[in-house]
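Positions in the sequence shown are counted from 1; adding 10 to them yields the working numbering.
A quick write-up on the structure given underneath.
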Amino acid sequence: MNLLTVADLSALLADLDAEGAALDSLLTAMPTESWSLPTPSDGWNIAFQVAHLAWTDEASLLAVVDEAAFLAEAETLLAQPKGFIDRTAAVNAELSPEELLVLWRTGRASLSTALAQVVEGRKLKWFGPSMSAASMATARLMETWAHGYDIADALEVRPVPTARLRHVAHIGVRTRDFAFTANKLEVPTEEFRIELDTAGLDAAGVSSQEWVWGPEGAAQRVSGSALDFCLLVTQRRHLEDLDLVSVGTQAARWLTIAQTFAGPVGGGRAAGQFAQQQPEGGNL
């Protein structure tokens, strides 16, 4: 990602805040008993989803404001057996819904403020590769949307897709090589062409009918719904249930392994898993 201007970063952080606020509204409106509802993520109820977001925001904030403390914490956690992310989030998941909401709200607000003050060009340490403030904000927006979708699935509501998905799609494109590497496959050397249709998104903020990445004449191509692409790369829906088309063997392979989140290869969702779900209204 190219370095952003202060204005660009401010706009990105405004989108991050809006994504958090949308999920916050859904959580605030639901009854207390819904916090224990299971979500599509194995073993995670709604409270655990929010606890995970809160923990990751806390870790991100530490990486911004105290690099040495973050590196020490990361060394400790990475030395533990697999599953430390689940274990750290499990602590917060035991809080009451009111306490958990306050923790998440405070953490995400503090992170947004801290990211706005990061000096241009600084690379923030993380559990994986270091990243810019813009990349961290994009990653937090992607995770907020993806885990929010899990929560919406648990509540059987359909989130309203917005122009903020442009950020999710972008990180999906940017993590192509990571997906191949994580699956121990040879990384493609040629650029892919991605053409995503924005039809069906909330018109507010959508400036074009199509979002495009890569050279127009690329042999490896992916096209289809912008929402469906985001659902695919965050592994919230199976490829067979989505309106996406690939041209070329490498592009087709990518659609079966795409993954925006760091860590080991994800299990994704099963084909037809949500076929019987009849979402009610809802605004996320």
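Where a beta carbon is used, it is the ideal one built from N, C-alpha and C, also for glycine.
Terminal residues of the beta strand (DSSP E) in which residue i lies
{"i": "S233", "result": "231-235"}
Within 8 angstroms, strictly: CB atoms of residue i and residue j
{"i": "H177", "j": "M152", "result": "yes"}
{"i": "A236", "j": "A179", "result": "yes"}
{"i": "L121", "j": "A61", "result": "no"}
{"i": "S256", "j": "R279", "result": "no"}
{"i": "F239", "j": "G182", "result": "yes"}
{"i": "R118", "j": "D67", "result": "yes"}
{"i": "V243", "j": "T208", "result": "no"}
{"i": "A147", "j": "L26", "result": "yes"}
{"i": "A73", "j": "W136", "result": "yes"}
{"i": "L47", "j": "A164", "result": "yes"}
{"i": "E205", "j": "E220", "result": "yes"}
{"i": "G227", "j": "P171", "result": "no"}
{"i": "P107", "j": "T42", "result": "yes"}
For residue i, the three-state DSSP class (helix, strand or coil)
{"i": "N12", "result": "Residue confidence for N12 is low, a pLDDT of 41 falling below 50, so the modelled location carries little weight; the figure read from the coordinates is stated next. Coil, per DSSP."}
{"i": "T48", "result": "Note that residue 48 corresponds to Pro in the displayed sequence, not to Thr. It is a strand residue."}
{"i": "P198", "result": "coil"}
{"i": "A82", "result": "helix"}
{"i": "A31", "result": "helix"}
{"i": "S106", "result": "coil"}
{"i": "A24", "result": "helix"}
{"i": "G53", "result": "coil"}
Enclosing alpha helix (DSSP H) for residue i [first to last residue]
{"i": "N102", "result": "94-103"}
{"i": "T66", "result": "56-75"}
query: Enumerated in chain order, which unbroken segments of the alpha helix (DSSP H) with a length of 4 residues or greater are wholly contained in the region 201-286?
result: Complete alpha helix (DSSP H) runs here, min 4: 236-243, 259-267.
message: Measuring CB atoms only, is the region 82-89 touching the region 186-203, in the sense that at least three cross pairs come out at less than 8 angstroms?
response: Not touching, per the Cβ criterion.
- prompt: Using 8 angstroms as the Cβ pair cut-off and three pairs as the minimum, do the region 157-164 and the region 194-214 touch?
  reply: No contact exists between the region 157-164 and the region 194-214.
- request: Kindly provide the ranges of any alpha helix (DSSP H) runs that are 4 or more residues long and lie completely inside the region 121-191, ordered along the chain.
  value: Counting whole runs of 4 or more residues, the region 121-191 contains the alpha helix (DSSP H) stretches 143-165, 175-184.
- prompt: For the region 123-131 against the region 18-36, are there 3 or more C-beta pairs whose distance is under 8 angstroms?
  reply: Flag = yes, the region 123-131 and the region 18-36 touch.
query: Are the region 39-58 and the region 91-110 in contact at 8 angstroms, needing three or more beta carbon pairs?
result: Touching, yes.
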